Each structure stands twice: as structure tokens, then as C-alpha cells.
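Comments concern the structure below.
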């Protein structure tokens, strides 16, 4: 018996998997792409697991793929990379198999004096090179990278402000409580300059400041830092020193509960980024 394939609109094309590269220990790095043929690039790139021990970011990106990709819910091209650091994920480590923080290994403002291990030189690690090469090829207009647990929507560069604002406005008042909205721009207020200096060689800084496409445009870059406490009444100006320990304990005790608490707002923000037209 032959079953005819269903008739679908161009926006309901099936997502495909693209091989980006291989980790130090031989694990493959794949990105899932949903894009109509007429718009095969220039969409939104969503990244999880750049730090392999930030497992909530991986689950949230994977769940986003299941819920929203391949079913006609996305109107623009979207690429989702759930596990950017597969060796770190396997070993439950922040770093890759060389002990390098991939989020300190990008070219822009790279420093050997970073408080996190930045590698012998910019782009020294195969995992971050694979991500760099995909970005240069696919040329996303918007990039959202998930991390924990600074509890903020962090926009790098003036061009990223509207995207961060759209993500903030996608949440209701209650959902915003654990977060703050922060815009980093080089050379501005002292506390922003200090934050910028504390993250040399980060993906956010390279995408938000150092990267320009051939036409001179820059991608919008937002780092979405998940809450350390999704039940917080308000995000404090200064996080408690034990905020990571608080999250680690919460994740060990009830990871499913943490995901249930943060997922609705996170998916609203990711959908806002995917549909953003600014």
C-alpha cells in the first residue's frame, strides 16, 4: 500500500539534521534546522550546552525542538544546537576534554589571563570552531545562547537591544520576576565595562561585537541566563554567593520541577526571538 505524503506549506517543511563537526573525543556535533528552501539562512540560532554541566539548557533546547519544530509553528528559519559541548556533557563538566571553557575561546577579546581556562589561543578547540564555522555559513540574524544561572536576559551590542526587549515583553509580570534585562555595550557605564572584561573571549562578545557579515551587518546576540531560583520574588541586583550551589542542589533534588517552573517563560522568549522582525 502506497501512502501519499501530506501536502504542507513551505513553513511546515521537516527539520533536518546537519553535522557540524566532531569533539575532541570523537562525539558528533549536530544542529537541527527548519527552514523553507527559499530562506535557507538568516534565521534564529538557539544554542544550549556550551558548558556541558549546564544540563537544564540542553533539556530546554531539546524540548523546544520537540514542541515547536516540524509542525508549522515557526514562521522563520530556525537552527537549534542543543549540545554544543558533547564531551563536557558526557563528563558532566563545564569544560571540554582539553579542560577549556569554550565560552572563553572565541577570538574577540580572548585573553590567556581569563579566570576560566581559555585555551592556548583563540579558536583552539574543535567544538567552538564548528560553531563558528556554522555561524559564518548560515549567518543567523539572531543568536540566543542559554546558560545558567545569572538570571538575566543579556544583550550584547546596541543592535541586540530590540531582540532582548522583545524577549522580555514576551513574558508576563510574574514570569519576569526571577530575571533582569541587561544590555552590555563596550565603553559605557563602569559596571558594564567590568562585566565585559570578566568574560573575555565569550561567544556573546564575538557575536555581538566582533562578528560582521560580508554585507557589514551584525547579528543580534542575546545570552539567556536561566534563574538560579525560579520562585524568587525578584531578581536581586547582586546575586548571593551561593547561587550556583542553590541551583545545583535544586537540580539534583528535582530537575523535573525546575524545568516545569522555567520552561513556559523560556519557550515564550525563544519563540519571540524566532518570530522577531525588528
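Residue numbers (the working numbering): 22 to 299.
C-beta atoms are modelled at their ideal positions from N, C-alpha and C, and glycine is treated no differently.
Quick caveat: nothing in here was measured; it's all calculated off a predicted structure.
Check, Outcome
"Counted within 10 angstroms of its Cβ, other Cβ atoms place residue 92 as buried (16 or more) or exposed", "exposed"
"Residues bridged to residue 242 (per DSSP)", "164 and 177"
"Same chain, Cβ closer than 6 Å to residue 69, five either side skipped, listed in chain order", "78, 79, 82, 103 and 167"
"Residue 158, buried or exposed, once every other Cβ within 10 Å from all chains shown has been counted against 16", "exposed"
"Sequence-distant residues of the same chain with beta carbon closer than 8 Å to residue 280, five excluded per side", "77, 80, 81 and 84"
"Spatial neighbours of residue 51 in its chain, beta-carbon cut-off 7 Å, leaving aside the 5 residues before and after", "38, 39, 40 and 41"
"Residues bridged to residue 66 [DSSP beta-bridge criterion]", "100 and 164"
"Beta bridge counterpart(s) of residue 43 as assigned by DSSP", "49"
"Three-pair Cβ contact test at 8 Å for the segment 125 to 143 versus the segment 224 to 237", "yes"
"Sequence-distant residues of the same chain with beta carbon closer than 6 Å to residue 290, five excluded per side", "188 and 191"
"Proximal residues to residue 180 (C-beta, below 6 Å), its chain only, five neighbours per side dropped", "239 and 241"
"Buried versus exposed call for residue 252 [16 or more other C-beta atoms within 10 Å across all chains shown]", "exposed"
"Whole-angstrom distance between residue 170 and residue 246, CA atom to CA atom", "5 Å"
"Neighbour flag for residue 296 against chain D, beta carbons, 8 Å", "You won't find chain D in this structure, because it holds only one protein chain."
"Helix, strand or coil at residue 38 according to DSSP, with G and I counted as helix", "strand"
"First through last residue of the alpha helix (DSSP H) which encompasses residue 129", "Neither: residue 129 is in no alpha helix (DSSP H) and is coded neither H nor E."
"Where the alpha helix (DSSP H) through residue 91 begins and ends", "Here residue 91 belongs to no alpha helix (DSSP H), and DSSP marks it neither H nor E."
"Where the alpha helix (DSSP H) containing residue 272 begins and where it ends", "264 to 296"
"Where residue 204 falls: helix, strand or coil (DSSP)", "strand"
"Given residue 54 as reference, the closest of 63, 173 and 276 once Cα atoms are compared", "63"
"For residue 282 and residue 272, the rounded distance between their alpha carbons", "12 Å"
"Alpha carbon of residue 287 to alpha carbon of residue 183, nearest angstrom", "17 Å"
"Residues near residue 268 in its chain [Cβ-Cβ closer than 7 Å; skip 5 each side]", "169, 170 and 249"
"Beta-carbon proximity check, residue 46 vs residue 118, cutoff 8 Å", "yes"
"Strand pairing of residue 55, partner residues [DSSP]", "99"
"Residue 143 beta carbon less than 8 Å from that of residue 43", "no"
"Inter-residue spacing [alpha-carbon to alpha-carbon] between residue 137 and residue 227", "17 Å"
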